[in-house]
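Please read the structure below before turning to the comments.
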Amino acid sequence: MTVTRITATDAAAVLERLATSDRLERGAVFIISVEAIKERSGDRWSRKVDDVWGYLGRKLNEYLSYQDVHHRLNDTDVLIAMTTEDGVAAQAVGMKVLEDVLEFFLGAAERRDIRIRAVSRIEGDELVCADLDPDTIATAREKEAEAPYHRQVSPEAERAHNPVSFVASNGQQLEVAFALEHVVSLRHGVTAVLRVEPTVTFSATGETIPTRRFHRLSDGDLAAIDRATLAFGGLFIPEDARTRPPVILPASFRTLGGRKGRASLIAIEGVTPERIRQGAMIEFVDIDRGTPSGRLVEVVSLVGRVTRGVLARLQPVGNALDPVQGTRFNGLTLDFADLGLPHARLEAFMRAMAHQMRGKAPALIAQGLGERMHLDMADDAGFTHAGIRAVPNTVTRKAVA
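Take any residue in the sequence shown, count from 1 to its spot, add 56: that is its number in the numbering used here.
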């Protein structure tokens, strides 16, 4: 840990604003430094500093939104607090700004010259900071559907939870297999969050049960699927949500609407309640017109107290927002995986759905996309985040009680 003292005379308002927000806790406050340019410039720094800060300012305005904060600390350091991204995704945006400045003035952005520090605490006019590893931050910009975060869990640990099977209430054997998906910030092109995607099939026939048909399953069946999802997702909930992305865990409202279901959420094996609060988000996948609105508001509040946030999956219909009106979600999701729309109709449908969703939640997520070009379509339509459907990586079968 290192302590950086703020000397700017107009910093008090900035520090007060950050100290009373949750940006520090979410890893969205950090410092980037152009010290390397100063070191290479030597005696020429005094003549170059204005040009460096002019270019840095333009890059900050290019990559950050009006909601984000940046404040110059001294002649080499700038404090950044993002509201549009958290943790490693926010840090990846800041590192991209710094890389562009280093490349412009030094001709290359070498790892030894990338100096970025996370702010963990504000004490009066001091910022308590820790140096960040550029390679760890760069991981958020890798594009593979299941890499690189998937590789950070051992194959042995995954085999214990993926896939699982159980006997459904109707006597048929069901199998649940999992994939890990990267949900990308469309504005910044970085992995903002990971998402667990369960695929439920009849073991005898291999037929998949899509989420839209989960209403045909019993409460016990849904609870078994959700327990398996939480157990697998627990492998990827970060130790520190400031250095690795949080994880979205799809679950049934029918399960988490009950006390027993919520108890299973905070009792994931090997995961502390604090890690769940910092690094897990719940996506309710089965909210429909039959969901009691008052009960929905209550359950979202209860789940939101013990997790990082709660999202709602919308049904792909013209009045998709009706079941979630009046409930404050951190994000709204729409799954495009099994719609089977041709390219032209998909683009028009995306625009129509995004138009409904706009302004209703901070994050609007298009998930289950089929190919990378669909990310651009989602961006043009008005979604804030999107993810390409990943294929489950299954090796063995394990029974679930």
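We put the CB at the ideal spot given by N, CA and C, even for glycine. Please read these numbers as outputs of a predicted model, since none were measured by experiment.
How would you call Tyr119, buried or exposed, if buried means at least 16 neighbouring beta carbons within 10 angstroms?
Sequence index remark: in the sequence shown, residue 119 carries index 63 (1-based). Buried is the call here.
Beta-carbon spacing of Met22, Arg364 below 8 Å
Any question about residue 22 goes unanswered here, given that the chain covers just 57 to 457.
Please go through the stretch 211 to 253 and give each complete alpha helix (DSSP H) segment of 4 or more residues, from N-terminal end onward.
Within the stretch 211 to 253, complete alpha helix (DSSP H) segments of at least 4 residues are found at 211 to 215, given in chain order.
Give the DSSP bridge partners of Asp156, in chain order.
As a first step, residue 156 is located in the sequence shown; it is residue number 100 there, counting from the start. Answer is none; Asp156 lacks a bridge partner.
Report the three-state DSSP secondary structure of Met337 (helix, strand or coil).
Against the sequence shown, residue 337 aligns to sequence position 281. In this structure, Met337 counts as strand in the three-state DSSP scheme.
Sequence ranges, beta strand (DSSP E) only - wholly within the stretch 405 to 437, length at least 3:
419 to 425
DSSP beta-bridge partners of Ala307:
If you number the sequence shown from 1, residue 307 lands on position 251. BP columns for Ala307 point to Phe340.
Could you give the residue range of the beta strand (DSSP E) that holds Ile93?
Translated into positions along the sequence shown, residue 93 becomes position 37. Careful: Ile93 lies outside any beta strand (DSSP E), inside the alpha helix (DSSP H) at 91 to 97.
Who are the near neighbours of Pro266 in its chain, counting only those whose CB is closer than 7 Å to its CB and skipping five residues on each side?
By 1-based counting over the sequence shown, the position of residue 266 is 210. Asp394.
Using the C-alpha atoms, what's the distance from Leu112 back to Ser102?
Locating residue 102 in the sequence shown gives position 46, counting from the first residue. Locating residue 112 in the sequence shown gives position 56, counting from the first residue. Ser102 and Leu112: Cα-Cα distance of roughly 16 Å.
I need the boundaries of the beta strand (DSSP E) containing Val134, first residue and last residue.
Along the sequence shown, one-based indexing puts residue 134 at 78. Residues 133 to 137.
Is the stretch 293 to 312 touching the stretch 222 to 232 in the sense that three or more CB pairs, one from each, lie closer than 8 Å?
no
Three CB pairs or more closer than 8 Å across the stretch 313 to 326 and the stretch 371 to 383
Below 8 Å, too few C-beta pairs join the stretch 313 to 326 and the stretch 371 to 383 to call them touching: fewer than three.
Quick check on this structure: which residue in Asp432, Val249, Arg114 has the alpha carbon closest to the alpha carbon of Glu403?
As a position in the sequence shown, residue 403 is number 347, starting the count at 1. The candidate whose alpha carbon is nearest that of Glu403 is Asp432.
Skipping 5 residues on each side, what residues in its chain have a beta carbon closer than 6 Å to that of Ala417?
In the sequence shown, counting from the first residue as 1, residue 417 sits at position 361. When the five nearest sequence neighbours on each side are left out, the beta carbons in the same chain lying within less than 6 Å of the beta carbon of Ala417 are those of Phe385, Gly387, Leu388, in order along the chain.
Under 7 Å Cβ to Cβ from Ala75, same chain only, skipping five residues before and after it: list those, please.
Position 19 of the sequence shown holds residue 75. Contacts found: Ile178.
Can you grab the Cα-Cα spacing for the pair Phe439 / Glu237, in whole Å?
Stepping through the sequence shown from its first residue, residue 439 is reached at position 383. Stepping through the sequence shown from its first residue, residue 237 is reached at position 181. Taken atom to atom, the span from the alpha-carbon of Phe439 to that of Glu237 is near 17 Å.
Pull up the distance between the alpha-carbon of Ala279 and that of Ala137, whole angstroms please.
To locate residue 279, count along the sequence shown from 1; it is residue 223. To locate residue 137, count along the sequence shown from 1; it is residue 81. About 39 Å.
Distance cut-off 7 Å: Gly317 Cβ against heavy atoms of the ligand NAP
Judged by which ligands are present, the structure shown has none, so any question about the ligand NAP falls away.
Return helix, strand or coil for Lys454, following the three-state DSSP convention.
Along the sequence shown, one-based indexing puts residue 454 at 398. Low local confidence applies: a pLDDT of 47 at Lys454 is under 50, so the model's placement there is unreliable, and no value is given.
Would Pro204 and Met151 be called neighbours here (beta carbons separated by less than 8 Å)?
Locating residue 204 in the sequence shown gives position 148, counting from the first residue. Locating residue 151 in the sequence shown gives position 95, counting from the first residue. Not a contact, by the Cβ cut-off of 8 Å.
Looking at C-alpha atoms only, which residue of Arg369, Ala69, Thr285, Thr299 is the closest neighbour of Glu81?
As a position in the sequence shown, residue 81 is number 25, starting the count at 1. Glu81 has its Cα closest to that of Thr299, out of Arg369, Ala69, Thr285, Thr299.
Can you tell me the Cα-Cα spacing of Val362 and Arg197, whole angstroms?
Stepping through the sequence shown from its first residue, residue 362 is reached at position 306. Stepping through the sequence shown from its first residue, residue 197 is reached at position 141. Cα to Cα, the separation comes out at about 29 Å.
Does the Cβ of Ala164 have 16 or more other Cβ atoms within 10 Å, making it buried, or fewer, making it exposed?
The count along the sequence shown starts at 1 and reaches residue 164 at position 108. Exposed, because fewer than 16 other Cβ atoms sit within 10 Å of the Cβ of Ala164.
If I measure Cβ to Cβ from Thr195 and keep anything under 6 Å in the same chain, skipping five residues before and after, which residues do I get?
Here residue 195 corresponds to residue number 139 of the sequence shown, with the count starting at 1. Pro204, listed in sequence order.
Which residue comes first and which comes last in the alpha helix (DSSP H) that contains Ala393?
The count along the sequence shown starts at 1 and reaches residue 393 at position 337. Looking at the DSSP string, Ala393 is not in any alpha helix (DSSP H), and its letter there is neither H nor E.
Residue range of the unbroken beta strand (DSSP E) whose run includes Ser176
As a working note, residue 176 is residue 120 in the sequence shown. Looking at the DSSP string, the run of the beta strand (DSSP E) that includes Ser176 is 171 to 179.
Where does Leu273 fall in DSSP's three states?
For the purposes of this step, residue 273 is identified with residue 217 of the sequence shown, where counting begins at 1. If DSSP states are grouped into helix, strand and coil, Leu273 belongs with coil.
How would you write the range of the alpha helix (DSSP H) that Val362 sits in, first residue to last?
Taking the first residue of the sequence shown as position 1, residue 362 is located at position 306. First-last of the alpha helix (DSSP H) with Val362: 349 to 362.
Tell whether a beta-carbon distance below 8 Å holds between Asp342 and His441.
Within the sequence shown, numbered from 1, the residue matching residue 342 stands at position 286. Within the sequence shown, numbered from 1, the residue matching residue 441 stands at position 385. For Asp342 and His441, no; Cβs fall outside 8 Å.
Helix, strand or coil: which one does DSSP assign to Val209?
Walking along the sequence shown from the start, residue 209 turns up at place 153. Three-state DSSP puts Val209 in coil, outside helix and strand.
Residue of Val134, Thr383, Pro211, Met413 minimising C-alpha distance to Phe292
Numbered from its first residue, the sequence shown carries residue 292 at position 236. Answer by Cα proximity: Pro211.
Can you pull the DSSP bridge partners for Thr255?
As a first step, residue 255 must be located in the sequence shown, where it is residue number 199. Residue pairing by DSSP places Thr255 opposite Ala233 in a beta bridge.
State the beta-bridge partners of Ile87 as determined by DSSP.
Counting from 1 along the sequence shown, the entry for residue 87 is found at position 31. In DSSP, Ile87 forms a bridge with Leu135, Arg173.
Output the distance between the C-alpha atoms of Gly276 and Ile421, rounded to the nearest integer angstrom.
Reading the sequence shown from its first residue, position 220 is the one you call residue 276. Reading the sequence shown from its first residue, position 365 is the one you call residue 421. The straight-line gap from Cα to Cα measures roughly 29 Å.
When burial is assigned at 16 or more other CB atoms within 10 Å of the CB, is Ala457 buried or exposed?
The residue you call residue 457 lines up with position 401 of the sequence shown. For Ala457, the predicted model reports a pLDDT of 43, less than 50, meaning its position is unreliable and no value from the coordinates is stated.
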